[in-house]
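Residue numbers (my numbering), protein chains in the order written: chain G, 1 to 114; chain H, 1001 to 1112. For glycine and all other residues, C-beta sits at the position ideal for the given N, C-alpha and C. Reading through the structure tokens given below for one structure.
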């Protein structure tokens, strides 16, 4: 059973550095989502892909954030010029477009910006 | 604006008893609701869902109730087991949109 995988699981970086996270969805899932979770809060939606097309972006996604999903398979989330406020758990989820509304989540990447 | 609220940050229940987790929402456009469970160092795991055309959905020990007029839903777990100890998130969406809107979560602890 290959679920959603995310790499790295943990990332510590210094303020101002760029970081990139990777998400590999469940293989047959055509929809992929990124969420961010901070301490004591639920996950907050960042962006969503259907196949390779990025169809929705939250206003939380500043211009320092960019996400891609080349060829509609894995996805990357890049944060440029990281700030301490970017410290959070970044969660990826995937779903099958015709399979209802259940989203399957990966274990997340915890980012700490020093 | 917190459109989905879980007002109880934590809940402690004795093993074998019923656990009731509550969730309120403000956006009347939400028409599908889900509960997720999260263990430490893992991503949220889907538990149960309900469409707004229903008022109850049951799956084994888990039942979700929806009161649309009150914009309130609840998750009942009976009987509660030690393995149910986790953080529970309520989530909502508008069918046709794709983003889940989550509550803040409730940490459930089942005591032996």
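Check	Outcome
Within chain H, partners of residue 41 of chain G - CB distance below 7 Å	1104
Proximal residues of chain H, C-beta to C-beta of residue 91 of chain G below 9 Å	1043, 1044
Residue range of the beta strand (DSSP E) that includes residue 1037 of chain H	1032 to 1038
DSSP state of residue 11 of chain G mapped onto helix, strand, coil	strand
is_contact[residue 1071 of chain H, chain G] using C-beta, thresh 8 Å	no
Assigned exposure category for residue 31 of chain G - 16 Cβ within 10 Å defines buried	buried
One or two residues paired with residue 1089 of chain H in a DSSP bridge	H:1036
Pairwise C-alpha distance: residue 1072 of chain H and residue 33 of chain G	26 Å
Residues of the stretch 1022 to 1038 of chain H whose Cβ lies closer than 8 Å to any Cβ of chain G, in chain order	1032, 1034, 1036
Inter-stretch contact at 8 Å, needing at least 3 Cβ pairs: the stretch 1006 to 1014 of chain H / the stretch 87 to 102 of chain G	no
Candidates H:1040, H:1046, H:1067: closest to residue 1025 of chain H by CA position	H:1067
Residue-chain proximity (residue 1093 of chain H, chain G), Cβ-Cβ < 8 Å	yes
Chain H residues whose Cβ lies nearer than 8 Å to that of residue 65 of chain G	Correct list: empty, because the minimum Cβ distance to chain H is about 16 Å.
Segment limits, beta strand (DSSP E) that includes residue 79 of chain G	75 to 79
Residues bridged to residue 113 of chain G [DSSP beta-bridge criterion]	G:13
Within chain G, the residues that residue 1098 of chain H reaches when beta carbons sit closer than 9 Å	31, 33, 45, 48, 50, 55, 56, 95, 101, 103
C-beta neighbour in chain G for residue 1062 of chain H, strict 8 Å	no
Inter-residue Cα distance where the pair is residue 90 of chain G and residue 46 of chain G	9 Å
From H:1096, H:1076, H:1023, H:1085, residue whose alpha carbon lies closest to that of residue 1029 of chain H	H:1096
Residue 1048 of chain H beta carbon less than 8 Å from that of residue 1080 of chain H	no
CB contact check: residue 1049 of chain H to chain G, cutoff 8 Å	yes
Members of the stretch 66 to 88 of chain G that neighbour chain H once the beta carbon cut-off is set at 8 Å	none
Cβ-based neighbour list, residue 1063 of chain H, same chain, cut-off 6 Å, excluding 5 preceding and 5 following	1076
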